[in-house]
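Residues 1 to 1044 in this note's numbering are what the sequence shown lists, from first letter to last.
Quick reminder that beta carbons are idealized off the backbone N, C-alpha and C, glycines included.
All figures in this text were calculated on a predicted structure; none of them were measured in a lab.
Report on the following structure.
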Amino acid sequence: MAPVVRVDSENEHQQTFLNQLREITGINDIQVLQQALKDSNGNLELAVAFLTAKNAKVPQLEEATYYQTALPGNDRYISVGSQADTNVIDLTGDDKDDLQRAIALSLEESNRAFRETGITDEEQAISRVLEASIAENKASLKRTHPEVWSDSPNPYDRKRQDNCPVGLKNVGNTCWFSAVIQSLFNLLEFRRLVLNFNPPANAQDLPRNQKEHRNLPFMRELRYLFALLVGSKRKYVDPSRAVEILKDAFKSNDSQQQDVSEFTHKLLDWLEDAFQIKAEEERDGEKPKNPMVELFYGRFLAVGVLEGKKFENTEMFGQYPLQVNGFKDLHECLEAAMIEGEIESLHSENSAKSGQEHWFTELPPVLTFELSRFEFNQALGRPEKIHNKLEFPPILYLDRYMHKNREITRIKRDEIKRLKEYLTVLQQRLERYLSYGSGPKRFPLVDVLQYALEFASSKPVCTSPVDDLSASAPASGTLPAQTSPSTVEQQGPSSSDVPSTSPVQRSVIHKPFTQSRIPPDLPMHPAPRHITEEELSVLEGCLHRWRTEVENDTRDLQESISRIHRTIELMYSDKTMVQVPYRLHAVLVHEGQANAGHYWAYIYDHHQNRWMKYNDISVTKSTWEELERDSFGGYRNASAYCLMYINDKEQYLIQEEFNKETGQILVGMDTLPSDLRDYVKEDNKRFEKELEEWDAELAQKAQQEKLLSQIPRAPAPSPAPVQAGEPEYLEQPSRTDLSKHLKEDSVQAINKALAEQEDRGPEAIMDTAIKLEYTRLLKLAQEDPPPECDYRLRHAIVYFIQNQAPKKIIERTLLEQFGDHNLSFDERCRNIMKVAQAKLEMIKPDEVNMEEYERWHQDYRNFRETTMFLMVGLEFFQKKSYMEALLYLIYAYQNNKELLSKGPYRGHDEELISHYRRECLLKLNEHAAALFESGDDQEVNNGLIIMNELIVPCLPLLLVDEMEEKDIVAVEDMRNRWCSYLGQEMEPNLQEKLTDFLPKLLDCSTEIKGFNDPPKLPSYSTHELCERYARIMLSLSRTPADGR
1 MAPVVRVDSE NEHQQTFLNQ LREITGINDI QVLQQALKDS NGNLELAVAF
51 LTAKNAKVPQ LEEATYYQTA LPGNDRYISV GSQADTNVID LTGDDKDDLQ
101 RAIALSLEES NRAFRETGIT DEEQAISRVL EASIAENKAS LKRTHPEVWS
151 DSPNPYDRKR QDNCPVGLKN VGNTCWFSAV IQSLFNLLEF RRLVLNFNPP
201 ANAQDLPRNQ KEHRNLPFMR ELRYLFALLV GSKRKYVDPS RAVEILKDAF
251 KSNDSQQQDV SEFTHKLLDW LEDAFQIKAE EERDGEKPKN PMVELFYGRF
301 LAVGVLEGKK FENTEMFGQY PLQVNGFKDL HECLEAAMIE GEIESLHSEN
351 SAKSGQEHWF TELPPVLTFE LSRFEFNQAL GRPEKIHNKL EFPPILYLDR
401 YMHKNREITR IKRDEIKRLK EYLTVLQQRL ERYLSYGSGP KRFPLVDVLQ
451 YALEFASSKP VCTSPVDDLS ASAPASGTLP AQTSPSTVEQ QGPSSSDVPS
501 TSPVQRSVIH KPFTQSRIPP DLPMHPAPRH ITEEELSVLE GCLHRWRTEV
551 ENDTRDLQES ISRIHRTIEL MYSDKTMVQV PYRLHAVLVH EGQANAGHYW
601 AYIYDHHQNR WMKYNDISVT KSTWEELERD SFGGYRNASA YCLMYINDKE
651 QYLIQEEFNK ETGQILVGMD TLPSDLRDYV KEDNKRFEKE LEEWDAELAQ
701 KAQQEKLLSQ IPRAPAPSPA PVQAGEPEYL EQPSRTDLSK HLKEDSVQAI
751 NKALAEQEDR GPEAIMDTAI KLEYTRLLKL AQEDPPPECD YRLRHAIVYF
801 IQNQAPKKII ERTLLEQFGD HNLSFDERCR NIMKVAQAKL EMIKPDEVNM
851 EEYERWHQDY RNFRETTMFL MVGLEFFQKK SYMEALLYLI YAYQNNKELL
901 SKGPYRGHDE ELISHYRREC LLKLNEHAAA LFESGDDQEV NNGLIIMNEL
951 IVPCLPLLLV DEMEEKDIVA VEDMRNRWCS YLGQEMEPNL QEKLTDFLPK
1001 LLDCSTEIKG FNDPPKLPSY STHELCERYA RIMLSLSRTP ADGR
């Protein structure tokens, strides 16, 4: 048995750095990567610079590199030194080649640095990130401009609803922290391990080494954080203290955003160290078991041939890295990762070729796949994200990759290979049928035969197309409009030509609708001029037969291809190959580019059987369809970066705790140890005090307002006259204010009623006037006016009729119209007003539901207000005052959406408002980008203010409705505009501001985080409102719709 390869824990950072270098630069030669890392003294950025420099020499990939994954210098897998096997391959002997000596020298230097400082190079890099996060959090408190993601002053906005999961606050570029922590927290077994962790007794007072000094305080804060996630009454909690521990462990001033896979690896590494300390303290002569290793680490067997010599090595792995580029689904990625080189040589005794297979011998209960979605663009000199689509299943069967199934898997792989070769031949044959021809343009053969049949079957003609046209040529003395110069030269001069004595020959004017008309007897398609019935009969028979043959051949090929695809899909579906199921537990998603972006997580709730989306402070219900869209890639800039699967047969991973005495499930605070329960209770008391203080403050304000309202006020001075064209800004008009606008309509109806029934009493005249008014309004409601004439603005009754309001609501509204005090200006109207008021008083409470009545009138006031928001917003838009227009259009859209939710005629055209809201944001985004590009400090700041205070708060409004594809595309356009700056050269201060701003722009949360109060609206009469509305809508109809 070959010795098992082990990688000491102090050398693990070398492996991770090599992995990152390969991923960033695309260079696979281990020798070059090791040399670059050595020359850069472990500085990752410097190593990348060495490798991407113009004079960097990259040797050709040699066969020996296939063997490197079995060596300690291999960067392919993350191993756990403290738990690996004990047999170690010595790399420092004189009989090793240059590559091995380079690896050994690099590891030796790293070991020496670690022994001297106790801090690895990678840990120093991690500290730079954490310090940047804390600095960002502190800096955000000093910003002069309000941030929409700050805590709401109202604690009820931060209160947890029922048993909704608790979110994590982003304390500055820490969305990666939230995504990973939430994914692990929702693994109930992992949660139990963290919550029930007790620090070793001998390490309480004085940590013995650097690891204890770092890991034990971090474990304490992680326990507190998990406890708050279990029992807090807050909607979200602040993880700053856990992040502070990480920051305080190392010192650095550099800034960068953390990477999820790197952070996950280091987090598990630190937790492993913490549990190892505890395990060693509690062991009784036996080798201690580390629960982190038992949970997250597995083993695989590398079986290979190097230059004809076979080898076998067992290796340990944690996160399993997979390449995305070139593969369509997770199984293809795994197949490629498990086989390298010429695998046929594994089964032959004498072969000079090299290759290896990997077989899982022990799978961890929690299996994490790291999807490599970044590659280095040598031409541009920067990393780029791979947006290719990669599918993965909710249930993953891993039987085909297990060592115990390797013989049957090899047989199936050979069969699949044979089927795919046959499939390639069939697809090539089918392609010849579907793309027939030898030129650049090709067509389906069945269509070619059909066209030939149609040509042969067309009506024969005896004249050429040129002769046909000559019969209808213009009279002599003029030239045909389309005569070519060559035709004139061939015909030569004619006696009817224009005399040569004319000094200037008049140019021919082409009149397309008169002189180029097709003669009515000209056939629409070309047709054969000479063909006999016998020839046609033979040709049609052949073409029909050939077409049928081609159709049958094409169908047979397509059916064969489908059968082979189905056979390949079902190759591993037999009972023996579905015994190792792994269920998808969490998907960590990244949106953005290689240099910046935002992380969030989809996590499966195994007890409610539903997906949840964890996006910093926002935790919402989700679906597999949403996860699929955001995670597979190929759609927008979002894609999965890390997949966490759990063994579906290991129920303890997700099983709830039970009370040992009663047998009941433990939930919430009951699952916490006593010390953590007290900790959470104290925090909840502080939050409850916040709520009480807020309630007291509101009560005090209400009492002050009540006292002020009781103080007698001096009569207000008469208002100054308002200039024409500048309406006075007032609060929303009441229903009585609106009824003033209806005085003229009421008087006209009364006059018509008096003319018809002059000798009748006031009650009869009022009844007739109401009927006349209702008939007029019903006619308006039934008309189909142009967009600029919205009759709903003229009267509430039109709005009520179109929206099928109850009859009693309409009757009472008409009575109120004729009972209004504005009709008391003459005797006749006053008498009718009194009759209407008397009838209103006679209406019993059970006859008209006054709450419903008020709701209908409130909806109508909201409709008029929405109209004014829309109208003013469009007026500003046409004046190119986009900053002023935006807020009006935002409120127009939101109010209109609420109205339309009650009925299709309750509001305005949603697409119209959406279009101008979207255009306003796009134009502001372009303006802000132009200010940023100017480089002037003041203009750059102004541009970022526009983005932070206007555009970023509006993006959730565009993303919340997933059916609005145009809005989603617009958001992507705006984000891409700013992401395009990432690879460009710019001043350091601009780069810093861009790095600070991008995570806010790329935040995918659809939670509406904060907005200004709605703008005040001018008070318009009904006539003014209708007139201005008609004017703005007419102006829109005269302008291009811009895709609307």
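Where DSSP assigns a beta bridge to residue i, which residues make up the other side?
i, result
"Pro321", "Glu370"
"Val237", "Leu168"
"Met402", "Phe360"
Is the distance from the Cβ of residue i to the Cβ of residue j below 8 Å?
i, j, result
"Leu683", "Leu228", "Strictly speaking, residue 683 in this sequence is Asp, with Leu absent from that position. In this structure, Leu228 lies closer than 8 Å to Asp683 by Cβ."
"His585", "Leu187", "yes"
"Asp399", "Met577", "yes"
"Leu1047", "Asn862", "Nothing can be reported for residue 1047: it is not among the residues displayed for the chain, which extend from 1 to 1044."
"Leu921", "Leu887", "no"
"Val680", "Cys164", "no"
"His915", "Thr866", "no"
"Leu982", "Gln593", "yes"
"His590", "Ser622", "no"
"Tyr893", "Arg864", "no"
"Ser240", "Tyr614", "no"
"Leu371", "Tyr582", "no"
"Val303", "Glu312", "yes"
"Arg429", "Trp359", "no"
"Ile801", "Leu840", "no"
"Leu195", "Pro673", "yes"
Under three-state DSSP, which class holds residue i?
i, result
"Ile509", "Legend: pLDDT at Ile509 = 39, less than 50; position of this residue unreliable, no value from coordinates given."
"Cys642", "strand"
"Leu742", "coil"
"Arg1028", "helix"
"Asn615", "strand"
"Asp90", "Confidence is the limiting factor: at Asp90 the pLDDT is only 38, short of 50, which leaves the residue's position unreliable, though a coordinate-based value still follows. Reduced to three states, the DSSP call for Asp90 is coil."
"Asp75", "Low confidence applies to Asp75: its pLDDT is 37, below 50, so where it sits in the model is not reliable enough to give any reading."
"Asp329", "strand"
"Ile654", "coil"
"Asp820", "coil"
"Gln748", "helix"
"Val504", "Because the pLDDT of Val504 is 41, which lies under 50, any placement of that residue in the model is unreliable, and the question is left without a value."
"Asp269", "helix"
"Lys159", "strand"
"Val1052", "The shown model of the chain, from 1 to 1044, leaves out residue 1052, and the question about it has no answer."
"His598", "strand"
"Ser622", "strand"
"Pro1018", "strand"
"Ala586", "strand"
"Met316", "strand"
"Arg610", "strand"
"Leu18", "helix"
"Lys706", "helix"
Span of the beta strand (DSSP E) holding residue i?
i, result
"Ile395", "Ile395 to Tyr397"
"Asn989", "Unbroken run through Asn989 is the alpha helix (DSSP H), Pro988 to Leu1001; no beta strand (DSSP E)."
What is the residue span of the alpha helix (DSSP H) that residue i lies within?
i, result
"Tyr860", "Met850 to Gln878"
"Glu910", "Glu910 to Ser934"
"Val356", "Rather than Val, the amino acid found at residue 356 in this sequence is Gln. Gln356 -> not in any alpha helix (DSSP H); beta strand (DSSP E) instead, spanning Gly355 to Glu362."
"Asn941", "Asp937 to Ile946"
"Gln894", "Tyr882 to Leu900"
"Lys289", "Looking at the DSSP string, Lys289 is not in any alpha helix (DSSP H), and its letter there is neither H nor E."
"Pro956", "Val952 to Leu959"
"Ser562", "Glu533 to Glu569"
For the ligand PLP, is there any heavy atom lying closer than 7 Å to the beta carbon of residue i?
i, result
"Leu268", "In the structure on display, the ligand PLP does not appear, and there are no ligands present to speak of."
Worksheet entry | Entirely enclosed beta strand (DSSP E) segments - the stretch 786–833, minimum 3 residues | none
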